[in-house]
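Here the sequence shown is numbered in UniProt numbering, starting from 1 and rising by one per residue. Notes follow once the structure below has been shown.
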Amino acid sequence: MEITKIDLRGLNPSSPGWGKACAAVTASMVAHGCVVVVHDAISPGLRRAVFDRAMPELFSFPVETKQRTVSPSSALQGYVNKIHGVDFESFIVKADDARCVHDFTNIFWPQGNPEFSNTIEALARKIIEVEDMVEKMTLEGLGVREENIAAHLDALTHSLRFQQYSIPEESKMGVTLPRHTDPTLVTAIVQHEVEGLEMQAKDGSWVKIPPEADTITFVAGDLFALLTNGRVRPSVHRVRTPTNRERIVILCPAWGKNGVAINAMDELVDEENPPKYNPVTTDEFLQFRYSGEGLKSSDPLEDLCGVHKCVDP
């Protein structure tokens with residue numbers, strides 16, 4: 001089995017092929033919780049600037065410098081290293097705020113590094129542009145009205161996550177990051193040269209997503225299940241390291257803005273499809289998801305927000 005790629009190059013809402021593409025994107029999101037799109041948003045030049053220059057420079061700094069990016073007030077920015085035994089390093093920066101990108105840059109280059117910050121800002125703009133398109137297409141395909149889609153997109157914020165998996169020891173080759181869902185609305189995944197991403201199909205089998213330069217993979221997170229009232233289930237995915245090569249990947253998660261409650265879209269709730277989840281903010285969900293109780297849960301969204309709870313008679 002493979003997940004069919006959908007070509008979105010050159011498309012906009014007035015394009016003749018928009019409706020057909022919407023149907024294809026929606027079908028993939030409903031069936032798999034993810035969609036692989038072909039797009040030219042990340043040009044070869046931008047890709048080289050990111051993966052050949054910016055990322056190697058960033059990850060070469062000493063740990064002491066990297067740790068200065070940690071924010072005690074936000075889980076959506078800073079440096080992460082070796083969570084739950086997984087051998088990787090990760091930086092998170094608020095992607096849609098130029099000041100945050102410049103502040104992040106200045107931690108490593110106190111005199112500034114315009115080439116680095118401009119590269120990161122350009123990358124963020126391009127990924128977010130396609131990510132918004134994928135969300136719009138999915139919601140439109142599910143029957144959500146244009147004005148409600150626009151309001152939803154306006155209430156989003158995005159971060160960039162730069163992630164580097166170390167070269168594994170021979171004895172550790174295999175599953176690098178265990179099966180999981182993301183706590184996000186939607187996450188864009190940009191792979192580079194080294195394979196590793198796998199999606200779990202409904203029959204339990206694993207589907208490899210090749211690291212092709214002209215594709216971006218979008219996975220539905222837990223909060224997208226809430227937004228769509230369960231019509232789109234979160235993607236279950238994992239990372240395998242089948243080769244002895246270092247792997248760099250860039251993620252761009254979409255979240256609800258601070259303090260904004262995420263609700264099921266009005267058009268996706270009716271008598272035949274009553275609300276499955278109560279509203280929740282991003283911070284509330286993240287706090288529970290990474291609590292002791294949330295980490296033990298097989299379905300943290302249901303446990304925190306589920307409308308129907310088991311009640312003893």
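Note that the Cβ used here is the ideal one computed from N, Cα and C, for glycine as well. All figures in this text were calculated on a predicted structure; none of them were measured in a lab.
Quick check on this structure: which residue in M1, D283, A31 and V50 has the alpha carbon closest to the alpha carbon of A213?
Of the candidates M1, D283, A31 and V50, the one whose C-alpha sits nearest the C-alpha of A213 is V50.
Could you tell me whether the stretch 159 to 166 touches the stretch 251 to 258, where touching means 3 or more Cβ pairs closer than 8 angstroms?
Yes, since at least three Cβ pairs between the stretch 159 to 166 and the stretch 251 to 258 fall closer than 8 angstroms, the two stretches touch.
Quick one, are the C-beta atoms of S90 and Q163 less than 9 angstroms apart?
Yes, the pair counts as a contact, with Cβ atoms nearer than the cut-off.
Look at the alpha carbon of F104 and the alpha carbon of S235, and state the distance between them as a whole number of angstroms.
Cα-Cα distance, rounded: 30 angstroms.
Within 10 angstroms of its Cβ, does K136 collect 16 or more other Cβ (buried), or is it exposed?
Counting Cβ neighbours within 10 Å, K136 comes out buried, since at least 16 surround it.
To which residues of the same chain is T26 closer than 7 angstroms at the C-beta, ignoring the five residues directly before and after it?
Closer than 7 angstroms at Cβ, skipping near neighbours: M137, T138, G141 and L142.
Within its chain, find whatever has a CB closer than 6 angstroms to the CB of A188; leave out the 5 residues flanking it on each side and keep chain order.
Hits under 6 angstroms: I127, E131, I216, F218 and C252.
Would you grab the beta carbon distance between P279 and V307 for me? Rounded to a whole angstrom, and I think it's under 8 angstroms.
With 8 angstroms as the limit, P279 and V307 do not qualify as a contact, their Cβ atoms being about 11 angstroms apart.
Give the straight-line distance between the Cα atoms of N106 and V63, rounded to the nearest whole angstrom.
Rounded to whole angstroms, N106 to V63 spans 16 angstroms at the Cα level.
Do you know offhand how far M133's Cα is from A41's?
Between M133 and A41, the C-alpha separation is close to 12 angstroms.
Using the three-state DSSP reduction, which class does D52 fall into: helix, strand or coil?
Three-state DSSP puts D52 in a helix.
Exposed or buried, what is L295 when buried is set at 16 or more other beta-carbons lying within 10 Å of its beta-carbon?
Result: exposed.
Determine the contact status of residue 327 and M55, defining contact as a CB-CB distance below 9 angstroms.
With the chain represented from 1 up to 313, any question about residue 327 goes unanswered, as that position is not in the structure.
Identify the continuous beta strand (DSSP E) that holds E198 and give its terminal residues.
It spans L197 to Q200 - the beta strand (DSSP E) in which E198 sits, taken as one unbroken run.
Where V175 and W206 are concerned, what is the direct C-alpha to C-alpha distance, given to the nearest angstrom?
About 12 angstroms.
Compare the beta carbon distance of P300 and P114 with 9 angstroms and say whether it is the shorter of the two.
No.
For the alpha helix (DSSP H) holding D222, just list the boundary residues, first then last.
Run containing D222: D222 to L227, per the alpha helix (DSSP H) assignment.
So what's T65 in DSSP terms, helix, strand or just coil?
Residue state, collapsed to three classes: helix.
Between the alpha carbons of D154 and N148, how many angstroms are there, rounded?
Cα to Cα, D154 sits roughly 10 angstroms from N148.
Measure the CB-CB distance between L268 and R231 and report whether it falls below 9 angstroms.
Yes; because the gap between Cβ atoms is below 9 angstroms, this pair is in contact.
Along the chain, where does the beta strand (DSSP E) that runs through G174 open and close?
G174 to H180 is the extent of the beta strand (DSSP E) around G174.
Since A122 is in the alpha helix (DSSP H), which residue starts that stretch and which ends it?
It spans P114 to G141 - the alpha helix (DSSP H) in which A122 sits, taken as one unbroken run.
From the DSSP output, in three-state form, read off G306 for me.
G306: strand per DSSP, three-state reduction.
Taking the alpha-carbon of P210 as reference, which of A31, L223 and E195 has the nearest alpha-carbon?
Considering only alpha carbons, the answer is E195.
Cutting at 7 angstroms between CB atoms, please list the residues of its own chain near L197, excluding the five before and the five after it.
Closer than 7 angstroms at Cβ, skipping near neighbours: I189, Q191, I209, T217, H237 and V239.
DSSP on T282, reduced to helix/strand/coil?
Three-state result, T282: helix.
Work out the CA separation of P110 and K202 for me, nearest whole Å.
One C-alpha to the other measures close to 49 angstroms.
Using the rule of at least 16 other Cβ atoms within 10 Å of the residue's Cβ for burial, across every protein chain shown, is residue 314 buried or exposed?
Nothing in the structure corresponds to residue 314, since the chain is present only between 1 and 313.
Buried or exposed: V311, going by 16 or more other Cβ atoms within 10 Å of its Cβ?
Residue placement at V311 cannot be trusted, given a pLDDT of 42 that sits under 50; what the coordinates show is reported in the next sentence. So V311 counts as exposed.
Report the option in A124, G10, A31 and L11 whose CA atom is closest to the CA atom of T4.
Minimum Cα distance to T4 is reached at A31.
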